[in-house]
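These notes are about the structure you will find just below.
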Amino acid sequence: MTPGVNGHPLHDILEPVWQDVLRRNPAEAEFHQAVREVLESLGPVVAKHPHYVEAAIIERLCEPERQVVFRVPWHDDRGRVRINRGFRVQFNSALGPYKGGIRFHPSVNLGIIKFLGFEQIFKNALTGMPIGGGKGGADFDPKGCSDNEIMRFCQSFMTELHRHLGEYTDVPAGDTGVGEREIGYLFGQYKRMTNRYESSVLTGKGLGIGGARVRREATGYGTAIFVQEMLKERGMSLDGRRVVVSGSGNVALYAIQKVAAFGGITVACSDSDGVVIDEKGIDFDLLREIKEIERGRVADYAARRPGARHIPGGAIWDVPCEVAIPCATQNELTHHDATTLVANGCLAVAEGANMPTTPEAVRAFAEAGVLFAPGKAANAGGVATSALEMQQNASRDSWTFEHSEEKLTEIMRDIHRRCAETAETYGAPGNYVAGANIAGFIQVADAMLALGLV
Numbered sequence: 314m315t316p317g318v319n320g321h322p323l324h325d326i327l328e329p330v331w332q333d334v335l336r337r338n339p340a341e342a343e344f345h346q347a348v349r350e351v352l353e354s355l356g357p358v359v360a361k362h363p364h365y366v367e368a369a370i371i372e373r374l375c376e377p378e379r380q381v382v383f384r385v386p387w388h389d390d391r392g393r394v395r396i397n398r399g400f401r402v403q404f405n406s407a408l409g410p411y412k413g414g415i416r417f418h419p420s421v422n423l424g425i426i427k428f429l430g431f432e433q434i435f436k437n438a439l440t441g442m443p444i445g446g447g448k449g450g451a452d453f454d455p456k457g458c459s460d461n462e463i464m465r466f467c468q469s470f471m472t473e474l475h476r477h478l479g480e481y482t483d484v485p486a487g488d489t490g491v492g493e494r495e496i497g498y499l500f501g502q503y504k505r506m507t508n509r510y511e512s513s514v515l516t517g518k519g520l521g522i523g524g525a526r527v528r529r530e531a532t533g534y535g536t537a538i539f540v541q542e543m544l545k546e547r548g549m550s551l552d553g554r555r556v557v558v559s560g561s562g563n564v565a566l567y568a569i570q571k572v573a574a575f576g577g578i579t580v581a582c583s584d585s586d587g588v589v590i591d592e593k594g595i596d597f598d599l600l601r602e603i604k605e606i607e608r609g610r611v612a613d614y615a616a617r618r619p620g621a622r623h624i625p626g627g628a629i630w631d632v633p634c635e636v637a638i639p640c641a642t643q644n645e646l647t648h649h650d651a652t653t654l655v656a657n658g659c660l661a662v663a664e665g666a667n668m669p670t671t672p673e674a675v676r677a678f679a680e681a682g683v684l685f686a687p688g689k690a691a692n693a694g695g696v697a698t699s700a701l702e703m704q705q706n707a708s709r710d711s712w713t714f715e716h717s718e719e720k721l722t723e724i725m726r727d728i729h730r731r732c733a734e735t736a737e738t739y740g741a742p743g744n745y746v747a748g749a750n751i752a753g754f755i756q757v758a759d760a761m762l763a764l765g766l767v
């Protein structure tokens with residue numbers, strides 16, 4: 314056995330798989346990290362169930378079924394031709410049509426999309442919904458662009474992508490840089506290109522064009538629900554706890570709201586310019602107005618909220634808390650940050666973003682006995698509610714907010730239960746990383762076996 318990136322060894326059977334992933338996917342560090350984390354959890358599974366090895370299930374899981382890379386030409390408001398690169402990685406469809414968001418951000422490249430798509434396989438499996446794993450995006454930066462520029466980009470992006478989509482084939486949603494506005498533009502162009510009002514081909518839509526209630530709130534709500542369930546396992550709750558949330562976008566915003574509903578007090582959040590600290594608790598309504606309506610910054614919140622202070626360039630994880638919810642971007646929470654959180658008395662960490670915690674930080678939390686929920690479990694509420702949106706679109710139905718939130722809560726509690734029970738079964742009680750990886754893997758692997766060698 315060889316030591317892993319976060320200190321865990323790989324089972325001897327899995328070492329050749331790992332080496333093959335490195336050889337076939339050079340210079341894709343995030344993808345390597347995501348694969349390694351899963352492989353490190355699967356030792357007890359392959360030892361107990363050798364038929365997964367004999368059928369090369371793990372090798373097949375690590376290879377996308379399809380990777381689409383394409384040029385996206387568009388005109389800016391000055392009439393200049395701009396060129397971006399678009400991606401869609403259709404990773405695994407054993408459980409259903411590919412499902413996963415579209416991300417618009419300058420950092421997007423094939424390795425990032427593959428890491429996100431790989432994570433999505435297991436996340437989607439944990440929801441119990443019939444959806445496979447995929448992800449897409451472009452290295453386009455919507456920041457500073459006009460509505461017309463964003464519309465033209467979305468139309469050009471969808472002009473190419475539409476041929477690879479369908480309600481029974483691939484169903485994208487939003488992600489970083491892609492909200493209801495962008496989804497609306499993408500859906501409009503899809504409808505134009507196909508001459509079909511196929512509303513369940515995209516999720517995260519506005520209510521007026523087939524969107525689902527609670528979809529906007531779902532990822533943040535679900536993360537807070539998962540934290541509450543983790544704390545319950547130790548006879549605790551969020552009530553009265555100091556919480557710190559990184560980011561201030563959609564996921565962070567609604568995590569803050571749900572934390573407050575459970576009695577928690579979010580004392581800090583952030584954006585790329587710095588950190589805002591509000592010891593009285595972040596005012597959700599004010600932050601939502603600034604972020605969703607005015608498209609402002611956390612500095613604007615501090616300027617308008619008595620007693621709040623903004624720290625330009627500040628480190629969010631230096632703020633003492635009992636619960637930490639990273640909701641910004643991958644690998645934002647480092648080993649240094651983890652040791653700071655542990656020293657300040659942090660009890661639980663839940664990933665609202667996708668893989669925001671480095672392997673070394675995850676190890677530090679495990680060694681300190683801090684509860685840790687990986688993103689594939691904790692932030693699965695978003696994709697679960699997207700699948701509920703697909704159900705409503707297929708049946709031409711629309712559910713109330715209360716009914717939708719109740720369904721989300723049931724799904725998140727079930728994900729927590731499955732992760733906890735699976736970890737216990739495979740000799741890792743309390744290890745939600747192992748529980749999530751193994752539970753998701755077994756569900757997908759069994760479906761792949763049933764479908765034969767495809």
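Note that the sequence shown covers residues 314 to 767 in the numbering used here. We put the beta carbon where it would ideally sit given N, CA and C, even for glycine.
CA-CA distance, residue i and residue j?
i	j	result
G317	A360	Note on G317: pLDDT 42, under 50, position unreliable in the model; the coordinate value appears next. Straight-line Cα distance between these residues: approximately 18 Å.
A690	R622	33 Å
G447	T440	15 Å
W331	A697	30 Å
D591	K545	27 Å
N319	N644	Since pLDDT at N319 reaches only 45, below the 50 mark, its modelled position is unreliable, and the value read off the structure follows with that caveat. When rounded, the distance between both Cα atoms is 13 Å.
D390	N461	8 Å
P619	I595	11 Å
E552	G576	As written in the sequence, residue 552 is Asp, which differs from the Glu given in the question. So the alpha carbons of these two residues sit roughly 4 Å apart.
G392	Y510	31 Å
D613	S585	13 Å
V564	E530	7 Å
T670	G487	22 Å
K518	V527	11 Å
A368	D759	11 Å
R401	I426	8 Å
C467	V382	16 Å
F435	A681	26 Å
L327	E350	12 Å
G560	I606	17 Å
P339	R617	48 Å
L335	H345	7 Å
Q705	I569	27 Å
L284	E341	The question about residue 284 has no answer, for the chain in this structure spans 314 to 767.
G740	N508	53 Å
Is it buried or exposed for residue i, if we count other Cβ within 10 angstroms and need 16 for buried?
i	result
M314	Residue placement at M314 is poorly supported in this model, since its pLDDT is 39, which falls under 50; the coordinates are not used for a value here.
L355	buried
P625	exposed
P455	buried
A574	exposed
A707	exposed
N405	buried
S512	buried
P672	buried
S459	exposed
F678	buried
I412	The amino acid at residue 412 is misidentified as Ile; the sequence shows Lys. Classification for K412: buried.
T713	exposed
G430	buried
L660	buried
L764	exposed
N744	buried
Can you round the beta-carbon distance between residue i and residue j to whole angstroms, since I take them to be within the 8 Å contact cut?
i	j	result
K269	A537	In the structure as shown, the chain starts at 314 and stops at 767, and residue 269 therefore has no counterpart that could be examined.
I463	R494	7 Å
G694	Y534	6 Å
P485	G449	6 Å
T516	M703	6 Å
I578	V556	6 Å
L646	M543	Wrong, their Cβ atoms sit about 17 Å apart, outside the cutoff.
E353	L323	6 Å
V358	I755	7 Å
Would you check if the distance between the CB atom of residue i and the CB atom of residue j is smaller than 9 Å?
i	j	result
G501	F453	no
G409	I444	yes
A770	T735	The structure shown does not extend to residue 770, since the chain is modelled only from 314 to 767, so the question has no answer here.
L566	F539	no
G658	P639	no
A637	N437	no
A451	M668	no
E372	D333	yes
Y498	H475	no
In this structure, what does DSSP give as the bridge partners for residue i?
i	result
Q403	R379, G447
W387	R395
T670	L646
H324	According to DSSP, H324 bridges with nothing at all.
H623	V589
A733	Answer is none; A733 lacks a bridge partner.
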